[in-house]
Amino acid sequence: MTKVAVAYHSGYGHTARQAQAVFEGAQSVPGVEAKLLSVDAMDDAFWGDLADADAIIFGAPTYMGSVSAKFKEFMDASSKAWFAMGSPGWKDKLAAGFTNSASQSGDKLGTLNGMMVFANQHGMIWVSLGLPPGNNSSKGSLDDLNRLGSFSGAMAQSNADQGADTMRDSDLKTAAHLGRRVAETAQQFGA
Ligand SMILES: Cc1cc2nc3c(=O)[nH]c(=O)nc-3n(C[C@H](O)[C@H](O)[C@H](O)COP(=O)(O)O)c2cc1C
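Residue numbers for the sequence shown follow the working numbering, beginning at 1215 and rising by one.
Right, dumping it as structure tokens:
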């Protein structure tokens, strides 16, 4: 069984919905057991699931151009796994990331870059989104997959005055694609 964990934070539910889509994408791959883990827990079971995973997909809302404070708390708390790098720690696990914010850009790349550096500190192997950019020509539309044109991870945009139920289907499909891609890549790596 290939094990994929989605470790995420969400303050107001939008990134939680994106995380659910990532989880469903990973779970849709035959032979994969996916887990959806909120960093609100951070109990022994949470750390155990991460230690067991072949791949960890990180998710956080973009707050002030970076990951949310709660997600940063998780990053710092992961130093226990960091000290154990190689025995076993998270070294050589696959990693990927997703984020959601209110503005079209909103500096979401700052958040993904922070996750990439974090994964590299753990000796993990970063998996990109692997989709062409959408909505970037006269034939494009907001309904395109990867309509925000990201390469480093999955992005979603949620209006600041609307709930998670109004999130764009294209963003949720992009999130599901990331989950599937990470799961399939883990299998290619023999997990
Ligand atoms: C403290 C705070 C900082 C924020 N900073 C940004 C930002 O830098 N860029 C942006 O586009 N949106 C920003 N937003 C908007 C959130 O990213 C947006 O509302 C998002 O959907 C929240 O996700 P969540 O419901 O999972 O918490 C910020 C919101 C909060 C509460």
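By construction, the Cβ of each residue, glycine as well, lies at the ideal position given by its N, Cα and C atoms.
Given Asp1383 as reference, the closest of Gln1401, Asp1266, Asp1358 once Cα atoms are compared | When only C-alpha atoms are compared, the closest one is Asp1358.
Gly1262 lies in the alpha helix (DSSP H); which residues open and close that run?
-> Taken as a continuous stretch (DSSP letters only), the alpha helix (DSSP H) holding Gly1262 covers 1258 to 1266.
According to DSSP, is Lys1305 helix, strand or coil?
-> It is coil, neither helix nor strand.
For the stretch 1298 to 1310 against the stretch 1241 to 1248, are there 3 or more C-beta pairs whose distance is under 8 Å?
-> Between the stretch 1298 to 1310 and the stretch 1241 to 1248 there are fewer than three C-beta pairs closer than 8 Å, too few to call the two in contact.
Residue interval of the alpha helix (DSSP H) (run including Met1369) | Met1369 -> not in any alpha helix (DSSP H); beta strand (DSSP E) instead, spanning 1368 to 1371.
Does the Cβ of Lys1286 lie closer than 8 Å to at least one heavy atom of ligand 1?
-> At a cut-off of 8 Å, the beta-carbon of Lys1286 does not count as near ligand 1: no heavy atom of the ligand is closer than that.
With 16 other Cβ atoms within 10 Å as the buried cut-off, status of Lys1322 | By the 10 Å Cβ count, Lys1322 comes out buried.
Going by beta carbon distance, what residues of the same chain come within less than 6 Å of Ala1230, once the five residues before and after it are set aside?
-> Answer for Ala1230: Ser1224, listed in chain order.
Indicate the three-state DSSP secondary structure (helix, strand or coil) for Phe1297 in the structure shown.
-> DSSP places Phe1297 in helix when its eight states are reduced to three.
If you draw a straight line from the alpha carbon of Ser1372 to that of Ala1265, how long is it in whole angstroms?
-> Rounded to the nearest whole angstrom, the C-alpha separation of Ser1372 and Ala1265 is 32 Å.
For Gln1234, count neighbouring C-beta atoms within 10 Å of its own C-beta (all shown protein chains included) and say buried if the count is 16 or more, exposed if not.
-> Gln1234 should be labelled buried.
Examine the Cβ distances between the stretch 1306 to 1315 and the stretch 1360 to 1367 and report whether three or more of them are shorter than 8 Å.
-> Contact holds: three or more Cβ-Cβ distances are below 8 Å.
Strand pairing of Val1218, partner residues [DSSP] = BP columns for Val1218 point to Ala1248, Ala1269.
Counted within 10 angstroms of its Cβ, other Cβ atoms place Val1331 as buried (16 or more) or exposed | Looking at its Cβ environment, which holds fewer than 16 other Cβ atoms inside 10 Å, Val1331 is exposed.
For Leu1356, collect the residues of the same chain with a Cβ closer than 8 Å to its Cβ; drop the 5 residues on either side in sequence, then sort them by chain order.
-> Within the same chain, Asn1349, Arg1382, Ser1384 come within 8 Å of Leu1356 by CB-CB distance, once the 5 residues on both sides are set aside.
Should Tyr1226 be labelled buried (16 or more other beta-carbon atoms within 10 Å of its own) or exposed?
-> Under this definition Tyr1226 is an exposed residue.
Those residues which DSSP pairs with Pro1275 across a bridge | BP columns for Pro1275 point to Asn1314.
Inter-residue spacing [alpha-carbon to alpha-carbon] between Lys1294 and Ser1352 | If you draw a straight line from the Cα of Lys1294 to the Cα of Ser1352, it is about 49 Å long.
Bridge partner(s) assigned by DSSP for Ser1280 = Answer is Tyr1277.
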